[in-house]
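Chains as they are written, first to last, in my numbering: chain H, 6 to 283; chain R, 6 to 283. This report concerns only the one structure given below.
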C-alpha cells in the first residue's frame, strides 16, 4: 500500500486551493529505496533545493524530508519514494501569496514489479510526436508541470516498447518521457544540453561524474535524430533503473556497446544494483 | 468563504495521488457569477470540453457542472467560480491509467474586491521577462500547467501596474499573465495567434464575435513589441473584468481610443457590466 505524509500527517489530503494543483506550482522527486536506504538521496535533495530557490518556494527545514522518508520506510526495505513540494495554498490568482507556507508531501510506493522487462538487457525505444517546449527558466527542474510527458507517454500502448524520445519543435532530442539520454560517439559520451528544457536527472549526474572518474570524455550538447541514429551506442538513464542500453530506436536496430557495459558495471559497483549483469 | 465540491462532496479534499497535482494533468475554468448567473457559462463549458477531448480526459456528464455551480451559488449572487477537471488518481508514472475516473472540483470564491483599480478606466502594463514556451499540442487550452504565468506574475509587486505582457523566446507577444491581448491598427482589430501557445480566453472569443457583428475587421496573427507600441489602441480582456484599455505599456503612454470604447459599450450591452462607463 502507498503511504503518504502530508505536512507530516499520515494519510493527509490536499486542499483544493493548493497551488500545486491549481498551477503545478511546485516540484517533485522520485527516489529509489533499496535495502532500507534511499539511494542518491543527497543528489535528490540538492536538486529539490535548487528548484525551490529558482521558483522562490521556501524549502523544507534541513533534515525534515530525510526524517519523514525514514518514518515511512520503517517497515519497508524496498520501494519508490516520492516527494512533492508546492508553494502551498493561496487566494485565487497567479500572484504569489505574501505569506507562503509550502506544502510538503512524502509518499512511499511499493517496489516496481521486477517481472517487468529488465532495462539492463536492452530496451526498444520509439520517437514521440509530442514536442517538448523550451523555457530556460524552468529547464532542468522537475516541476509539477509535466503534461508534455503525460502526452508523450500516451502515444503508445505496446509494452515491448519501453520508452519514447521527445524532441523540441526545432528538432533537438531532449530525452525520454521519464529518462535522460546518452550517446557514445567515438570515444566520447554525449548527452543533450538541458539549458532550454528537459529534466536534469540525478542518475544523469552520477553517470557524468562516474564517466569523468573513468577517464571517459563527456559533453553536454544539442543533438538531433540523425546524429543519434549514427551513434555507436545509445543508452537511457533513470534513477530507479540505472542505465538501459537501447537496442532499437524507431525502426533501426542498435548494438549494446563497450562504453554502455563499462558504465553499467561502474554504476553497479556504486550500488545501482539494477545495472549488475544477472 | 470559499466553498468547494470535490466530486460532488462538500468540503472534499484531494488525494496526494491525483494526477492534477502530480503532473498538472488537467484543466480549469474561472467563471464570473453576476446577479445570480454564471456569465458566458456555455463558452466556458465548451472550452473545457475541447480541452478534455484534446487531452483525452473523460469529460463530466452533461449538466453536472452546471448543477453543481448552481448548488454553490444558492446563497450567493456574485462571486468567482472555479472548475478543475483532472485525469484523476492513478499509480505512479506518466502513463495514463487504463480505467480513468476524472476528478471534478467546483469552487466558489467571494466576489473580487471592487475597490481595486477599475480596469475599464485604463491600466498600466509592463513587459515580463519570463517567456511563454511554444507547444501546439497544449496551445489555447487552460491546462493546470501554469508555472510560466506564476513566474511572470511574480516579476512585479507595484500595485499601480495591473498586468504584464508575456512573449515567446522568438519575440511574439502572446498576452497578459491572466488576460488576452488586442491591438487596433487602422480600422483593424488584431489579437495574437494562439496556435502555438497562449490561452484561448472566453472573453477573447466574445470580443471577436461582437467585433464581427459590429462590422469591425478582426485578424489573429503574431505580433511583436514594436508593432504593439506602434498600435493606435491596445486593450486586454479577461472573463472576470471584460476589457481593460491600456494607458501605458512599459515606458510608453497610450491613449484610449474609439474602438476600445465602442467594444466596451457593446460588451456592456451584452451583460459585461464591468465595461459600462460609470
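For each residue, glycine too, the CB sits at the ideal point set by N, CA and C.
Annotation: residue 101/H is outside any beta strand (DSSP E) and is labelled neither H nor E by DSSP.
In the displayed model, residue 8/H falls within a strand according to three-state DSSP. Here residue 30/R really is in contact with residue 155/H; their C-beta atoms are around 5 Å apart, less than 8 Å. Apart from sequence neighbours up to five positions away, the residues of its chain that approach residue 242/R with a beta-carbon distance below 7 Å are 184, 185, 187, 206, 208, 209, 212, 248, ordered along the chain.
The continuous stretches of beta strand (DSSP E) do not include residue 68/R, and DSSP gives it neither H nor E. Residue 63/H has its alpha-carbon roughly 36 Å from the corresponding atom of residue 197/R. Sorting 157/R, 143/R, 252/R, 171/R by C-alpha distance to the C-alpha of residue 261/R places 252/R at the top. Taking C-alpha positions only, residue 229/R is separated from residue 131/R by approximately 14 Å. A distance below 6 Å between beta-carbons, with the five flanking residues on each side excluded, links residue 11/H to the following residues of its chain, in chain order: 17, 110.
Short of 7 Å from the beta carbon of residue 224/R, and not among the five residues preceding or following it, lie these beta carbons of its own chain, in chain order: 193, 195. At a beta-carbon threshold of 8 Å, the residues of chain R lying near residue 18/H are 18, 19, 20, 21, ordered along the chain.
For residue 27/H, the nearest CB of chain R lies under 8 Å from its own CB, placing it at the interface with that chain. At least one CB of chain R lies nearer than 8 Å to the CB of residue 154/H. The DSSP assignment places 230 to 234, 263 to 274 as complete runs of the alpha helix (DSSP H) inside the segment 223 to 279 of chain H, in order along the chain (cut-off: 4 residues). Listed in chain order, the non-local C-beta contacts of residue 56/R below 6 Å within the same chain comprise 32, 146, local neighbours out to five positions each way being set aside.
The beta-carbon separation of residue 137/R and residue 153/R, rounded to 6 Å, stays under the 8 Å limit for a contact. With its beta carbon at least 8 Å from every one in chain R, residue 45/H lies outside the interface. Secondary structure at residue 57/H: helix, using DSSP grouped into helix, strand and coil. Counting along the chain, residue 152/R sits inside no beta strand (DSSP E); it lies in the alpha helix (DSSP H) bounded by residues 152 to 158. Going by C-alpha positions, residue 106/H is about 23 Å away from residue 8/H.
Inter-residue distance for residue 60/H and residue 54/H is about 10 Å (C-alpha atoms, whole angstroms).
Chain-ordered, the chain R residues with CB closer than 8 Å to the CB of residue 30/H read 151, 152, 155. DSSP, read as helix, strand or coil, puts residue 171/R in strand. Residue environment for residue 98/H: buried (at least 16 other C-beta atoms within 10 angstroms of its C-beta). Between residue 150/H and residue 150/R, the C-beta spacing is below 8 Å.
Around the C-beta of residue 172/H, 16 or more other C-beta atoms lie within 10 Å, and the residue is accordingly described as buried.
The beta-bridge partner set that DSSP reports for residue 34/H consists of 88/H.
Per DSSP, the beta-bridge partners of residue 15/H are 10/H. Chain H places no beta carbon closer than 8 Å to that of residue 188/R, leaving this residue out of the contacts. For residue 204/R, no alpha helix (DSSP H) run applies, since DSSP gives it neither H nor E. Of all residues in the segment 225 to 245 of chain H, none comes within less than 7 Å of chain R when Cβ atoms are compared.
Counted as a single uninterrupted DSSP element, the alpha helix (DSSP H) harbouring residue 26/H occupies residues 24 to 28. By the beta-carbon neighbour count (other beta carbons within 10 angstroms, threshold 16), residue 47/R is exposed.
In this structure, DSSP gives residue 62/H a state outside helix and strand, which the three-state scheme calls coil. Residue 139/H reaches chain R at 138, 174, counting residues in chain order whose Cβ is nearer than 7 Å.
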